[in-house]
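For the sequence shown, full-length UniProt numbering begins at 1 and goes up steadily by one.
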Amino acid sequence: MKTNKTRWKLKPERCKKVAYKPGSIGPSVIATAIKDAYKDIVRKGYIPNRRERKALDRMPGRSSQKFYAQG
1 MKTNKTRWKL KPERCKKVAY KPGSIGPSVI ATAIKDAYKD IVRKGYIPNR
51 RERKALDRMP GRSSQKFYAQ G
């Protein structure tokens with residue numbers, strides 16, 4: 001069995017992947033959109049659930065938005 005004795009001397013290549021940014025893929029996109037849409041009504045960092053969003057949308061001057069129907 002042949003082994004490569006110089007293998008430990010070689011540095012692994014640096015990863016070329018881009019760091020993950022919250023709100024860029026999957027459910028975090030929806031959560032970020034909900035947070036941005038309701039940031040003027042609810043406390044900072046809180047994401048209202050559907051029932052709470054429906055109640056908030058019944059307030060005068062608010063319109064409902066479907067977040068899960070976005071492509």
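Quick reminder that beta carbons are idealized off the backbone N, C-alpha and C, glycines included.
Rounded C-beta distance between isoleucine 47 and isoleucine 34? I'm assuming under 8 Å.
-> 5 Å
For serine 64, which residues of its own chain have a beta-carbon under 6 Å away from its beta-carbon, when the five flanking residues on both sides are left out?
-> Asp57
Quick one: what does DSSP say residue 73 is sitting in, helix, strand or coil?
-> Outside the displayed span of the chain (1 to 71) sits residue 73, for which this structure offers no information.
Cβ neighbour criterion (16 or more within 10 Å) applied to arginine 62 | exposed
Who are the near neighbours of tyrosine 68 in its chain, counting only those whose CB is closer than 8 Å to its CB and skipping five residues on each side?
-> Ile30
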